[in-house]
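Going by the UniProt record's numbering, the first residue of the sequence shown is number 1, and it counts up by one from there. Where is the CB? At the ideal position from N, CA and C, for every residue including glycine. This one's a predicted model, so the numbers in the text were calculated from it and none came from an experiment. Presented below is the structure to which this report refers.
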Amino acid sequence: MASRRCLQSLTRYFHPIKNLTPFSRTLAASSVGALCRKPSHYISGDNISVYPRSAVFTRHFCSRHGDNQNDDEEGEIEDDDSEGEEEEEEEEAAGENESPVLSARDKEKEAAEIGYTVIGPLQESDQVFKPYEPVFAVVQIGSHQFKVSNGDSIYVERLKHCDVNDKLVLNKVLMLGSQTQTIIGRPILPDAAVHAVVEEHALDAKVIVFKKKRRKNYRRTKGHRQELTKLCITDIQGIEKPEKIAPLTKAKKEKVAVGG
1 MASRRCLQSL TRYFHPIKNL TPFSRTLAAS SVGALCRKPS HYISGDNISV YPRSAVFTRH
61 FCSRHGDNQN DDEEGEIEDD DSEGEEEEEE EEAAGENESP VLSARDKEKE AAEIGYTVIG
121 PLQESDQVFK PYEPVFAVVQ IGSHQFKVSN GDSIYVERLK HCDVNDKLVL NKVLMLGSQT
181 QTIIGRPILP DAAVHAVVEE HALDAKVIVF KKKRRKNYRR TKGHRQELTK LCITDIQGIE
241 KPEKIAPLTK AKKEKVAVGG
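What follows is the structure, given as structure tokens:
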């Protein structure tokens, strides 16, 4: 099949040469003036027919310039993305190191948006810790909700502008409940409050963050530990608390002397 295709291509290209008359006959039939001029066409003796000296063939190359350009553009975009991510990481690190100085009013406003108010440090004379009471509350701190009772301890995301042994008031109370009644806010109960004390600022367990960029041979493993604040709930206000009922004591049986 390959040889047949080669023969067909040769016969197709050499077919005009066979139809042309020999060069000697062409010189005899042509005039002297024609010889002086630069021949631009071949003239046959039998029939005066004009053939162009050479046919102009356009060549089409199978190139992938478009794909290469797309790959280059993707590479440039990825380079820009990697540079942007590195810049963002540097900005975040710089932002963590350089915290802006806020006034007392700004600190109170920021804390109120999260859902708490700082009262002050805990004094030795303060008797805030009470025994368990059958009352519960649902509070919102940041974007998380907790169901608590007095005496419970919860871990929340690091609370700003407060230190260990500071007294807090959690303002965003969504629901209160006891054995006899339940109060649901829409969405917050304005007259309810939950008191707490900051026990410690701690770090959560280490989480491994893996980053990879395709076609860049870029892999990075980074450990992250979330900062947490431990709160101890001391009191819940805004609902009637049931009265404590003294436990019934078993009456001692009197020994009755039986006469014989």
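Alpha carbon of Ala193 to alpha carbon of Lys211, nearest angstrom: 43 Å
Whole-Å CB distance - Gly177 paired with Val156, under 8 Å assumed: Not quite, the Cβ-Cβ distance comes to about 21 Å (not below 8 Å), so this is no contact.
Own chain partners of Thr221 with C-beta closer than 7 Å, once the 5 adjacent residues on each side are dropped: Ile208 and Phe210
Coil, strand or helix - Ser3 by DSSP: helix
Assigned exposure category for residue 261 - 16 Cβ within 10 Å defines buried: With the chain represented from 1 up to 260, any question about residue 261 goes unanswered, as that position is not in the structure.
Sufficient close CB pairs (3 or more, under 8 Å) joining the region 160–177 to the region 114–122: yes
Residue closest to Lys147, alpha-carbon to alpha-carbon, out of Arg4, Cys232 and Glu243: Cys232
Where Asp106 falls: helix, strand or coil (DSSP): helix
For Leu232, the residue or residues it bridges with in DSSP: Going by the sequence as given, residue 232 is Cys instead of Leu. According to DSSP, Cys232 bridges with Ser153 and Val197.
Helix, strand or coil at Ser178 [DSSP, three-state]: strand
Length of the line joining the Cα atoms of Asn217 and Gly223: 20 Å
C-alpha gap between Ala137 and Glu108, whole angstroms: 23 Å
Cα-Cα separation, Leu159 to Arg219: 33 Å
Proximal residues to Glu199 (C-beta, below 6 Å), its chain only, five neighbours per side dropped: Lys230 and Cys232
Three-state secondary structure assigned by DSSP to Gln127: coil
Alpha-carbon spacing of Gln140 relative to Ile236, whole angstroms: 14 Å
Simplified DSSP state of Gln8, which is helix, strand or coil: helix
Extent of the continuous beta strand (DSSP E) to which Leu170 belongs: Asp166 to Leu170
Local Cβ density within 10 Å of Val101, reported as buried at 16 or more and exposed below that: exposed
Helix, strand or coil at residue 271 according to DSSP, with G and I counted as helix: Any property of residue 271 remains undetermined from this structure, which presents the chain solely from 1 to 260.
Residue range of the beta strand (DSSP E) that includes residue 264: No answer is possible for residue 264: it lies beyond the span of the chain, which begins at 1 and ends at 260.
Contact under 8 Å by Cβ, Lys167 with Val197: yes
Helix, strand or coil at Ile239 according to DSSP, with G and I counted as helix: coil
Start-to-end residues for the beta strand (DSSP E) that takes in Tyr116: Tyr116 to Pro121
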